[in-house]
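Notes follow the structure.
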Amino acid sequence: MRKYQSFRVFKEKISFLIDRKALAVVVLLLFVMAGVFIFSTGTGEMKISPINVVKVFFGGGTDMEQLVVQSFRLPRIIVSLMVGIGLAVAGGILQGIIRNPLASPDILGITGGASVAVVGFLAIFSDESNALTVSIQWLPVAAFAGATIIAFLVYFLSWKNGVSPIRLVLIGIGIYSLMKALTTLMMLLGPIYQASQANIWITGTVYGSNWSNVAILVPWILVLCIAAFILARNINIQELGDDIATGVGSNVQRYRFLLLMVSTALIGGSVAFAGGIGFVGLMAPHMARRLVGSSFGALLPASALIGGILVMIADLIGRTLFSPLEIPAGVFTASIGAPYFIYLLFKTRNG
Amino acid sequence: MTANQAISTKQLTLSYGDTTIINELDLEIPKGEITVFIGGNGCGKSTLLRSIARLLKPKSGAVLLDGEAIARLSTKDVARKMAILPQSPSAPEGLTVLQLVKQGRYPYQTWLKQWTAEDEEKVNNALEATGLMKLKDRAVDSLSGGQRQRAWIAMTLAQDTDTILLDEPTTYLDMTHQIEILDLLFELNEKEQRTIVMVLHDLNLACRYAHNVVAIKDQKIYAQGKPEVVINCSLVKNVFEMECEVTIDPLFGTPLCIPYGKGRCILKQERLSRNG
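Sequence order for the protein chains is A and B. Quick note, the numbering used here runs 3 ahead of the 1-based positions in the first sequence. Position 53 of the second sequence, counted from 1, bears residue number 43 in the numbering used here, the numbering being contiguous throughout.
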């Protein structure tokens, strides 16, 4: 049996080599994602059977079911899914361009920049009774700005006749530590109430997501993911090193900048609406690599789906296990992801 | 400039910071032959090769590919004419041989056109030529050193260029695999008339495989030409700072360099035992 399938249409204007196994894995992951999505929508204070959930999606079900699904659960689950996709794809891109499996949105200081911005935002715009003086709507904007500014800062500090992966990661780690120190400092200096608010944000939560969040996040993440898939072959070539990439005619610096911007925008969008959900950006691409291999054409879609599934499950656990207490999703991404990741490593240790 | 030169350099000066590595070098590399750069450690032979491959910007001067300045050509155009295999490249974990070799087709691809019939044919040819067809679904990092190097060479072959540059393609390989790799390159040159330019450390192997050697010393070319013409005791002494005897390879008739120095000398004993 052939492992690969050539795909050619329109007189070869569109042609790809498709890895059958990877395609099967991606399709399977799509089903798992749909399953988790439906199950999560039906689970909570009010249980709704999967069949009724699907009915509700198509305008059926009781008014009560309509209300619970449409107003409370769906926006939150969609945000979880998008954030998971965004962080996983960004992590995959970063691991590719930095050529280091330890690269993740946190390591480069990008999420740290968002944290500082959020803590700073809470500190600057609070009055003496800890009430915000501006609308909370501005918090995502602050987070996004923090992430973007830090990403640019890391990029320009790394510049020396172009940006090399090793400088990028070293400067990134430096900035990350600085951001962490700043965050801690601001939390200690601010009132206790603020610190706990900030801490929930830093852990990462999709609590209180609404349809206007969804309306911004969905197109943002989807457009950037498409851009990432288009750039996939450039990540592939950069993973072979700058010399090889230059040798086959790739403009390494231009694509490195573009890829960094795409991942920054994905991270910025994700942390803006869900805070610093950790682990997903690091582990989802690794899990995907175990399942579909190292080629980014398959790796990015698989990472995206795994990331989405992880965050959806983490939030499902967070809002149901200790109900009525809400646990931030970020607490569970690691606790459910890590065992599965270790299992995968263990299973493929000789492969 | 005649049509017989694949690559030439004009007044090429290369430097790292303030240190000049190569000074105003004029070099011509003949088409369809195997050219080997030789010289001591740090003489700049790898730097020169990297600069020819546009991996390093010259301080001044130019590299010409088929008569055109490389800096003025688009990098993709260059990639369709000349491939480079740098020293000890590394592949990401789990990448298969096919996935690696396929990336040699990068200069011919666009984001929607990634696997034409021509791409498939060239990749298959490269796998056949390097004897890797059966291993194409294996992970590159699971192969032996020689197989891994063949996989990288297959990638440069898939690039379908007239000229291939290789920076010490036999480093870290045992003797069997060194010969295997050099035989493969020799065959590619014989059968397909590809121009091959490489850096080799082993002078004797350079003499055996090269049509043309370029000895580099003190930022310049010390000598260039057929090994049997240019390789002699005084060249080795001046370029490598080593005393040696140059004799003739009993199998190939090419120059064979035997260094002086210490070591167990058993000649006397043998003679003695024969006499006794």
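All C-beta atoms, glycine included, are put in the ideal place defined by N, C-alpha and C. It should be emphasised that the depicted structure is a prediction, and the values quoted were computed from it without experimental measurement.
- Along the length of the segment 28 to 100 of chain B, whole alpha helix (DSSP H) runs at least 4 residues long occupy 35 to 42, 65 to 71, 87 to 92, reported in chain order.
- Contact residues of the segment 114 to 139 of chain B toward chain A are 127 (C-beta to C-beta distance below 7 Å).
- Within the segment 184 to 209 of chain A, no residue has a Cβ lying closer than 8 Å to any Cβ of chain B.
- For residue 155 (chain B), no alpha helix (DSSP H) run applies; the uninterrupted beta strand (DSSP E) run containing it begins and ends at 153 to 157, by DSSP.
- In the pairwise beta carbon analysis, the segment 116 to 130 of chain B is classified as not touching the segment 11 to 31 of chain A: fewer than three pairs are separated by under 8 Å.
- Annotation: residue 260 (chain A) to residue 179 (chain A) spans about 19 Å, alpha carbon to alpha carbon.
- Bounds of the alpha helix (DSSP H) holding residue 173 (chain B) are 165 to 182.
- In the structure shown, residue 234 (chain A) falls within a coil segment according to DSSP collapsed to helix, strand and coil.
- Relative to residue 334 (chain A), the option among A:280, A:247, A:38 whose CA is nearest is A:280.
- 96, 97, 99, 101, 102, 103, 104, 105, 106, 107, 109, 110: these are the residues of the segment 95 to 111 of chain B whose beta carbon lies less than 8 Å from some beta carbon of chain A, given in chain order.
- Here the segment 87 to 103 of chain A makes no contact with the segment 115 to 126 of chain A; the two share fewer than three CB pairs at distances below 8 Å.
- Residue 189 (chain B): member of the beta strand (DSSP E) spanning 185 to 189, first to last residue.
- If you look at residue 19 (chain A), you'll find it in the beta strand (DSSP E) that goes 17 to 22.
- Spanning the alpha carbons of residue 29 (chain A) and residue 292 (chain A) requires a straight line of approximately 12 Å.
- Under the Cβ distance rule, residue 68 (chain B) counts among the residues neighbouring chain A, one pair being separated by less than 8 Å.
- Taken in chain order, the members of the segment 248 to 276 of chain A whose beta-carbon sits within less than 7 Å of a beta-carbon on chain B are 249, 250, 251, 252, 253, 254.
- For residue 159 (chain A), the enclosing alpha helix (DSSP H) begins and ends at 141 to 161.
- Annotation note: the segment 68 to 128 of chain A contains no uninterrupted beta strand (DSSP E) run of length 3 or greater.
- Residue contact check for residue 254 (chain B) against chain A: no CB pair falls below 8 Å.
- Along the segment 5 to 21 of chain A, the positions whose C-beta sits under 8 Å from a C-beta of chain B are 6, 7, 9, 10, 11, 15, 16, 17, 18, 19, 20, read in chain order.
- Under the DSSP assignment, residue 288 (chain A) falls in the alpha helix (DSSP H) whose first and last residues are 283 to 295.
- For residue 242 (chain A), the chain B residues whose C-beta falls within less than 9 Å of its own C-beta are 81, 82, 85, listed in chain order.
- When the alpha-carbon of residue 298 (chain A) is set against those of A:286, A:270, A:234, the nearest one is in A:234.
- With respect to chain A, the C-beta atom of residue 60 (chain B) has no partner C-beta closer than 8 Å.
- Contacts with chain B (Cβ-Cβ distance below 7 Å) from the segment 214 to 242 of chain A involve 233, 236, 239, 240, 242, listed in chain order.
- Its Cα nearest to that of residue 77 (chain B), the residue B:37 stands out among B:37, B:57, B:49.
- With a cutoff of 8 Å on beta-carbon distance, residue 42 (chain B) and residue 35 (chain B) are scored as not near each other.
- If you draw a straight line from the Cα of residue 20 (chain B) to the Cα of residue 275 (chain A), it comes to about 60 Å.
- When secondary structure is reduced to three states using DSSP, residue 220 (chain B) falls in the helix class.
- Between residue 252 (chain A) and residue 65 (chain B), the gap from beta carbon to beta carbon is short of 8 Å.
- Under the three-state reduction of DSSP, residue 195 (chain B) is assigned to helix.
- Membership of residue 139 (chain B) in any beta strand (DSSP E) is not indicated; the residue belongs instead to the alpha helix (DSSP H) covering 135 to 148.
- Per DSSP, reduced to three states, the secondary structure at residue 256 (chain A) is helical.
- Counting C-beta atoms within 10 angstroms of its own C-beta, residue 266 (chain A) has 16 or more neighbours from the protein chains shown and is therefore classed as buried.
- Residue pairing for residue 202 (chain B): DSSP places it in a beta bridge opposite B:25.
- Among the residues of the segment 318 to 331 of chain A, none has a Cβ less than 9 Å away from any Cβ of chain B.
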